[in-house]
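Chains as they are written, first to last, in my numbering: chain X, 1 to 303; chain H, 304 to 606.
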């Protein structure tokens, strides 16, 4: 098994972009007030529970790779994080994965109750589209790019993407491990929104069609690799870093890459995916270096 | 109590526009197929369970009132119906209103299970934004109007609208009837999306700002009246027409207009709202006649 080397610079890059995203999220999100204050409190609870902001950072890096700026894409990057937060809240509900902890904290429904958690998820998903549409209205020009990005992100989040993956994930629990099924689950449940994140950045920064296609291919590969890394962390990870139960996939009979291919082969698949992802960036210059580093980082992270 | 007279023509108008909407929905919605076919099946189940399509018809009527056509707004009208269908599925879940029947049929989670119902709702909400954004991309020009409509509808559906209303609705169950609270619930839970439906039609048809404002005022009034009518039907309605439990609001201790004001005064409030709604249309010519008739119809319907 070849070792993948991660540049130290990427952690600084991640941290700096994360600060931008967190600042913007704080500005965008409402303060809990009024009769429906509880739902806002619940939305903020999960949104500010300490995520790494990988998807928004990818969106920014996708913009920077073609000469765009972070500022141009931050509202869309934040919208994607809202969609990610909604998916965590709904996935953790008792009728879905029934998780009590996430990132070391009680899950949304454990704090606010299932009804409020359901509504907080619904509301985060809806607010994401608010954010993108109102940003498109404010911005001069670029309305077509914004509509394209809304379409792309909605496709990646819905039954053609994340929801479809989640559907298959829960319906195949306890069934025999199957390579086609696990690839479908991972590409849809996790890969689709990750690919949409980085591609949205490139579209908004005015990347040409060839660039958009290459970045999307990159996103598909790292998206799948990201979920395989999660599968492996669920077996080998450190409970203190992960902040949730280790081994829970096995207990639930989830179909994962390690359950289908074994750990060692899963790591080989990961490495090949990252190699292909980096190859997809051949046409790009040094401005795509953070994307190359992010690809390597994704399979080396500890949580 | 003054009797409101409903034109016979409005039932024909409703039926004709409903056929347009149903046809378009059938074209837009995917056939269940692939590994995630169940979630598509569940989406279609509720979407085609026999709704009256009031919101899409209002969207069309809002366009026609300023000289627009039905065809121009049908994709957005359908998107609004998708959002309405999602809200029904999530509201019926055991953690929310726990309803077993809707329109005389078992609710979504009774047929598909709670996990699939949750995902079907998420997916319908997401697909609504897909539909609007991809329509905006296809259409030459009008991209600004489309972004404005996406923003308007997302606001009406999220914590500032429908989700906020639902939040207060469930959190005030069993509490003392309060006029401020019941108005908040009804304006948000039901009024916001109804107002957005008709306003979206007027915006897309190129109505000027004064027209958009008047139509929105109209929508706010009929939206509130619509929910008061629902409250009254929950007491006086015919179980066979309603297709769900009569008296369920009282059993659950829901705060309703009848519980706050009594039935007779609720009917007076309804009538005043409809009068004001029709007054809001003073600047419009005979092309707004369906909107005037729809206002009267909304409080006279039997189910």
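Each residue gets a CB set at the ideal place from its N, CA and C atoms; glycine is no exception.
Inset, instruction - Report the three-state DSSP secondary structure of residue 593 of chain H (helix, strand or coil). - result: As a working mapping, residue 593 of chain H is identified with position 290 in the second chain. Of the three classes helix, strand and coil, the one that applies to residue 593 of chain H here is helix, per DSSP.
Legend entry - Coarse secondary structure for residue 405 of chain H, derived from DSSP in three states: Numbered from its first residue, the second chain carries residue 405 of chain H at position 102. If DSSP states are grouped into helix, strand and coil, residue 405 of chain H belongs with the strands.
Legend entry - Backbone CA spacing between residue 353 of chain H and residue 278 of chain X [nearest angstrom]: Here the question's residue 353 of chain H lines up with position 50 in the second chain. Here the question's residue 278 of chain X lines up with position 278 in the first chain. Taking the straight line joining both Cα atoms gives about 51 Å.
Inset, instruction - Please check if any C-beta of chain X sits within less than 8 Å of the C-beta of residue 432 of chain H. - result: The residue labelled residue 432 of chain H in the question sits at position 129 within the second chain. Closer than 8 Å to some Cβ of chain X, the Cβ of residue 432 of chain H qualifies, so yes.
Legend entry - Neighbour list for residue 170 of chain X in chain H, Cβ cutoff strictly below 9 Å: If you number the first chain from 1, residue 170 of chain X lands on position 170. 418, 419 and 422, listed in chain order.
Legend entry - Against chain X: residues of the stretch 448 to 463 of chain H by CB proximity under 7 Å: Cβ contacts with chain X come from 449, 450, 451, 453, 454, 457, 458, 460, 461 and 462.
Inset, instruction - Express the C-alpha separation of residue 200 of chain X and residue 149 of chain X in angstroms, rounding to a whole number. - result: As a working note, residue 149 of chain X is residue 149 in the first chain. As a working note, residue 200 of chain X is residue 200 in the first chain. Approximately 6 Å, taken between the alpha carbons.
Inset, instruction - Compare the beta carbon distance of residue 109 of chain X and residue 421 of chain H with 8 Å and say whether it is the shorter of the two. - result: Here residue 109 of chain X refers to the residue found at position 109 when the first chain is read from its first residue. Here residue 421 of chain H refers to the residue found at position 118 when the second chain is read from its first residue. Taking the C-beta atoms as reference points, residue 421 of chain H is found no nearer than 8 Å to residue 109 of chain X.
Inset, instruction - Answer yes or no: does any C-beta atom of chain X fall closer than 8 Å to that of residue 467 of chain H? - result: For the purposes of this step, residue 467 of chain H is identified with residue 164 of the second chain, where counting begins at 1. Residue 467 of chain H counts as touching chain X.
Inset, instruction - Could you tell me which of X:293, X:174 and X:275 sits nearest to residue 12 of chain X, measuring between CA atoms? - result: If you number the first chain from 1, residue 12 of chain X lands on position 12. Taking the Cα of residue 12 of chain X as reference, the smallest distance to any Cα among X:293, X:174 and X:275 is reached at X:293.
Inset, instruction - Below 7 Å CB to CB, which residues in the same chain sit around residue 87 of chain X once its five sequence neighbours on both sides are set aside? - result: One-based indexing of the first chain puts residue 87 of chain X at position 87. Same-chain partners within the cutoff: 162.
Legend entry - Span separating the alpha-carbon of residue 41 of chain X from that of residue 56 of chain X: Counting from 1 along the first chain, the entry for residue 41 of chain X is found at position 41. Counting from 1 along the first chain, the entry for residue 56 of chain X is found at position 56. So the alpha carbons of these two residues sit roughly 22 Å apart.
Legend entry - Whole-Å CB distance - residue 534 of chain H paired with residue 552 of chain H, under 8 Å assumed: Sequence index remark: in the second chain, residue 534 of chain H carries index 231 (1-based). Sequence index remark: in the second chain, residue 552 of chain H carries index 249 (1-based). Rounded, the Cβ-Cβ distance is 7 Å, consistent with contact.
Inset, instruction - From the DSSP output, in three-state form, read off residue 549 of chain H for me. - result: Here the question's residue 549 of chain H lines up with position 246 in the second chain. Three-state result, residue 549 of chain H: coil.
Inset, instruction - Could you pull out every residue in the same chain whose Cβ sits closer than 7 Å to the Cβ of residue 216 of chain X, ignoring the five residues on either side in sequence? - result: Numbered from 1 along the first chain, position 216 holds the residue referred to as residue 216 of chain X. Excluding sequence neighbours, residue 216 of chain X sits near 195 and 199.
Inset, instruction - Note down, in chain order, each residue of its chain lying with its Cβ closer than 7 Å to the Cβ of residue 342 of chain H, except the 5 sequence neighbours on either side. - result: Within the second chain, residue 342 of chain H is the residue found at index 39, counting from 1. Counting only residues of its own chain and dropping the five nearest sequence neighbours on each side, residue 342 of chain H has a CB closer than 7 Å to the CB of 419, 422, 423 and 426.
Legend entry - CA-to-CA distance, residue 563 of chain H to residue 304 of chain H, given in whole angstroms: Walking along the second chain from the start, residue 304 of chain H turns up at place 1. Walking along the second chain from the start, residue 563 of chain H turns up at place 260. A caution first: residue 304 of chain H carries a pLDDT of 49, below 50, which makes its placement in the model unreliable, though a value can still be read off. About 18 Å.
Inset, instruction - Can you tell me which of the three DSSP states residue 459 of chain H falls into? - result: As a working mapping, residue 459 of chain H is identified with position 156 in the second chain. Note: residue 459 of chain H maps to helix in three-state DSSP.
Inset, instruction - Name the two residues that bound the continuous alpha helix (DSSP H) containing residue 583 of chain H. - result: Taking the second chain and counting its residues from 1, the one referred to as residue 583 of chain H is at position 280. First-last for residue 583 of chain H: undefined, no H or E at that position.
Inset, instruction - Determine the direct distance from the alpha carbon of residue 280 of chain X to that of residue 213 of chain X, and round the result to whole angstroms. - result: Here residue 213 of chain X is taken as the residue at index 213 of the first chain, counted from 1. Here residue 280 of chain X is taken as the residue at index 280 of the first chain, counted from 1. Residue 213 of chain X and residue 280 of chain X: Cα-Cα distance of roughly 9 Å.
Legend entry - Length-filtered (3 minimum) beta strand (DSSP E) runs lying within the stretch 357 to 386 of chain H: Whole beta strand (DSSP E) segments, 3+ residues: zero.
Legend entry - Test: residue 602 of chain H CB closer than 8 Å to a CB of chain X: Numbered from its first residue, the second chain carries residue 602 of chain H at position 299. No, its Cβ sits nowhere closer than 8 Å to a Cβ of chain X.
Inset, instruction - Check the Cβ-Cβ distances between residue 559 of chain H and every residue of chain X, and say whether any is below 8 Å. - result: By one-based count along the second chain, residue 559 of chain H stands at place 256. Under the Cβ criterion of 8 Å, residue 559 of chain H is not counted among the residues facing chain X.
Inset, instruction - Using beta-carbon positions only, say whether residue 577 of chain H and residue 602 of chain H come within less than 8 Å of one another. - result: Here the question's residue 577 of chain H lines up with position 274 in the second chain. Here the question's residue 602 of chain H lines up with position 299 in the second chain. With respect to residue 602 of chain H, residue 577 of chain H sits close: the two C-beta atoms are nearer than 8 Å.
Inset, instruction - Less than 8 Å between the CB atoms is what I'm expecting for residue 104 of chain X and residue 204 of chain X, so what's the real figure, rounded? - result: The sequence position of residue 104 of chain X within the first chain is 104, counting from 1. The sequence position of residue 204 of chain X within the first chain is 204, counting from 1. Not quite, the Cβ-Cβ distance comes to about 34 Å (not below 8 Å), so this is no contact.
Legend entry - Proximity test, Cβ basis, 8 Å: residue 327 of chain H and chain X: Sequence index remark: in the second chain, residue 327 of chain H carries index 24 (1-based). No, residue 327 of chain H lies away from the interface with chain X (no Cβ there is under 8 Å from its Cβ).
Legend entry - Span separating the alpha-carbon of residue 64 of chain X from that of residue 252 of chain X: Locating residue 64 of chain X in the first chain gives position 64, where the first residue counts as 1. Locating residue 252 of chain X in the first chain gives position 252, where the first residue counts as 1. Our two residues, residue 64 of chain X and residue 252 of chain X, have alpha carbons roughly 40 Å apart in a direct line.
Inset, instruction - Establish whether the CB of residue 385 of chain H and some CB of chain X are separated by less than 8 Å. - result: What you label residue 385 of chain H is simply residue 82 of the second chain in a count that begins at 1. No, no contact with chain X.
Legend entry - Contact residues within the stretch 198 to 228 of chain X, judged by C-beta distance below 8 Å to chain H: From the stretch 198 to 228 of chain X, no residue has a Cβ closer than 8 Å to chain H.
Inset, instruction - Quick one: which residues of the stretch 342 to 365 of chain H get their C-beta closer than 8 Å to a C-beta of chain X? List them in chain order. - result: Against chain X - using a Cβ distance shorter than 8 Å - the residues of the stretch 342 to 365 of chain H are 342, 343 and 346.
Inset, instruction - Go through its chain and collect everything with a Cβ distance to residue 439 of chain H's Cβ below 6 Å, but skip five positions before and after it. - result: Numbered from 1 along the second chain, position 136 holds the residue referred to as residue 439 of chain H. If you ignore the 5 residues before and after residue 439 of chain H, its C-beta comes within less than 6 Å of the C-beta of 446 and 449, all in its own chain and listed in chain order.
Inset, instruction - Determine, using beta carbons only, whether residue 58 of chain X and residue 197 of chain X come nearer to each other than 8 Å. - result: On the first chain, position 58 is the one that residue 58 of chain X refers to. On the first chain, position 197 is the one that residue 197 of chain X refers to. Residue 197 of chain X sits close to residue 58 of chain X, with the two beta carbons spaced by under 8 Å.
Inset, instruction - Please name the residue in X:184, X:46, X:21 and X:271 whose C-alpha comes closest to that of residue 92 of chain X. - result: The count along the first chain starts at 1 and reaches residue 92 of chain X at position 92. When each option's Cα is compared against that of residue 92 of chain X, the closest is X:46.
Legend entry - Segment contact, 8 Å Cβ cut-off, at least three pairs: the stretch 325 to 341 of chain H with the stretch 164 to 173 of chain X: Verdict: yes, contact present.
Inset, instruction - Round the Cβ separation of residue 53 of chain X and residue 21 of chain X to the nearest angstrom and send it over; I've been treating them as touching at under 8 Å. - result: In the first chain, residue 53 of chain X corresponds to position 53, counting from 1. In the first chain, residue 21 of chain X corresponds to position 21, counting from 1. For a cut-off of 8 Å, the C-beta gap from residue 53 of chain X to residue 21 of chain X is around 5 Å, short enough to register as a contact.
Inset, instruction - Using the Cα positions of residue 387 of chain H and residue 66 of chain X, report the straight-line distance between them to the nearest angstrom. - result: As a working note, residue 387 of chain H is residue 84 in the second chain. As a working note, residue 66 of chain X is residue 66 in the first chain. Straight-line measurement puts the Cα of residue 66 of chain X at about 40 Å from the Cα of residue 387 of chain H.
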